[in-house]
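All remarks here apply to the structure that follows.
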Amino acid sequence: MSKNRPNITVKPNTANDVIALLNEQQGWDAVPVGTALFIQNKGSVPIFVHETAGEPTSFDGGIGIYYTGWGIETDADAPGVKITFKGTSDITVGVKVI
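In the numbering used here, the protein residues as written are 41 to 138.
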């Protein structure tokens with residue numbers, strides 16, 4: 041069953057670990073690595089999703105979510121999920137556990 045989680049806040053010019061951010065949310069079940077996620081851009085700048093356990097090679101590579109309200113689904117077997125973007129302010133991202 042899909043579950044919407046509270047939005048997460050991601051920081052610019054860094055690799056934001058989505059699994060770690062979800063697991064910091066109080067009162068919610070832990071999300072293991074390898075869980076499919078639906079990630080929605082709620083900010084005003086393009087964000088990039090990287091399905092990797094390591095560090096992304098670029099802050100503007102990966103799967104782009106270019107517009108507010110658009111989203112993508114990660115692979116169920118992704119070794120990790122990171123979000124990057126270039127900017128000067130934190131933005132909000134919506135996440136649904138698939």
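In this text, a Cβ means the ideal position worked out from N, Cα and C, and glycines have one as well.
Since this is a predicted model, take the numbers as computed values, not measurements.
So what's residue i in DSSP terms, helix, strand or just coil?
| i | result |
| --- | --- |
| Ile59 | helix |
| Ile79 | strand |
| Asn44 | strand |
| Thr128 | coil |
| Thr49 | strand |
Would you mind sorting residue i into buried or exposed? The rule is 16 or more other CB atoms within 10 Å of its CB.
| i | result |
| --- | --- |
| Thr114 | buried |
| Thr97 | exposed |
| Asn56 | buried |
| Lys126 | exposed |
Which one or two residues does DSSP pair with residue i in a beta bridge?
| i | result |
| --- | --- |
| Val89 | Ile103, Ile123 |
| Thr108 | According to DSSP, which records beta bridges pairwise, Thr108 is partnered with nothing at all. |
Taking the beta strand (DSSP E) that residue i falls in, what are its first and last residues?
| i | result |
| --- | --- |
| Val137 | 131 to 137 |
| Glu113 | 111 to 113 |
Is the beta carbon of residue i less than 8 angstroms from the beta carbon of residue j?
| i | j | result |
| --- | --- | --- |
| Asp100 | Thr49 | no |
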